[in-house]
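First the structure, in the form of structure tokens, and then the observations on it.
In mature numbering (1 follows the signal peptide of the UniProt record, and there is no 0), the protein residues as written are -26 to -1, 1 to 79.
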């Protein structure tokens, strides 16, 4: 498969994403903004679990648009489930001394 054929689905995705728009009734200036979006992103895993059994929403609608979305993204990626707390690598050396004959069975 050549390079252009592999890029075609990605280009199509970007073109379709460019056509998307937010409904005007879902954006209100006094609605939840950046900080509340960050909080909602942070508590996303818990809110999602609760939303399976109750009428809790994981995303505030209406919101104030881009700033709420950006806060939601920050909340999920850097504070919440997407946060990489780093891997702890522990190196341990274990030396086993045997005394006496080794018997293979």
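We put the CB at the ideal spot given by N, CA and C, even for glycine. Here the structure is a predicted model, which is why all the values come from computation and not from measurement.
Residue 49 beta carbon less than 9 Å from that of residue 34: Between residue 34 and residue 49, the C-beta gap is not smaller than 9 Å, which leaves the two residues out of contact.
Option in 16, 40, 66 and 20 with minimal Cα separation from residue 51: 16
Close-in-space but distant-in-sequence residues of the same chain around residue 30 (CB under 7 Å, 5 per side omitted): 21 and 24
Range covered by the alpha helix (DSSP H) that runs through residue 15: 8 to 16
Nonlocal neighbours in the same chain, by C-beta distance under 7 Å from residue 3, ignoring five residues either side: 38
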